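Quick note, in full-length UniProt numbering, the sequence shown goes up one by one and the last residue is 146. Structure, as structure tokens:
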Amino acid sequence: MDNHVLVPVDGSRPARSALEYALEQFPDARLTLLYVVDPMIDYSRRQSFPGYTADDEHGTERQKGEAVLESLRETVPDDRTVETALEVGRPARVIVGYADDRGFDGIVLGSHGRAGSARYLLGSVAEQVVRRAGVPVTVVRGSNTE
């Protein structure tokens, strides 16, 4: 059976842990790394910092996504089949829709493990994906040294 596993990534340590887990636990699966560009990130950055010139490491969220995908692709062993994708929208909704539309066998994603008011205020992409996905979801907790 040719399993196809979706690994949503955002450049964080938990996302890297999820990729490492997927490589280890699904040695024969094709992997797709998905970066979701949240358009509100760029908007918020411009609104919060008037005069923002985008001279940081990545000028836009799309550029950051491309850099993250390229960086992670380089960590995958040459004998593994890995694809990358970059989509735009609300992360949880895009992840679930992408998995449903393309017939993935499972999703492996990282979680920051926030609790209390931080989780309430920031939401939990992992929790939303677990609740809405039509395929099995594995959540990999990030380290406490982020």
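Just so you know, even glycine gets a beta-carbon here, dropped at the ideal spot from N, CA and C. This one's a predicted model, so the numbers in the text were calculated from it and none came from an experiment.
Per DSSP, what kind of secondary structure is residue i in: helix, strand or coil?
i: residue 111; result: strand
i: residue 18; result: helix
i: residue 134; result: coil
Buried or exposed, going by whether 16 or more other CB atoms sit within 10 Å of the CB of residue i?
i: residue 16; result: buried
i: residue 71; result: exposed
i: residue 83; result: exposed
i: residue 91; result: buried
i: residue 106; result: buried
i: residue 32; result: buried
i: residue 8; result: buried
i: residue 14; result: buried
To the nearest whole angstrom, what separates the beta carbons of residue i and residue j, a pair I think is in contact under 8 Å?
i: residue 74; j: residue 34; result: Actually they do not touch by this definition, with Cβ atoms about 17 Å apart.
i: residue 64; j: residue 11; result: 7 Å
i: residue 78; j: residue 61; result: Actually they are not in contact, since the Cβ atoms of residue 78 and residue 61 sit about 29 Å apart, beyond 8 Å.
i: residue 137; j: residue 130; result: 5 Å
i: residue 108; j: residue 5; result: 6 Å
i: residue 159; j: residue 133; result: Outside the displayed range of the chain (1 to 146) lies residue 159, so it cannot be described from this structure.
What are the boundary residues of the alpha helix (DSSP H) that residue i is part of?
i: residue 75; result: 61-75
i: residue 85; result: Looking at the DSSP string, residue 85 is not in any alpha helix (DSSP H); the run it does join, the beta strand (DSSP E), is 82-88.
i: residue 99; result: 91-102
Could you spell out where the beta strand (DSSP E) holding residue i opens and where it closes?
i: residue 141; result: 137-141
i: residue 8; result: 4-9
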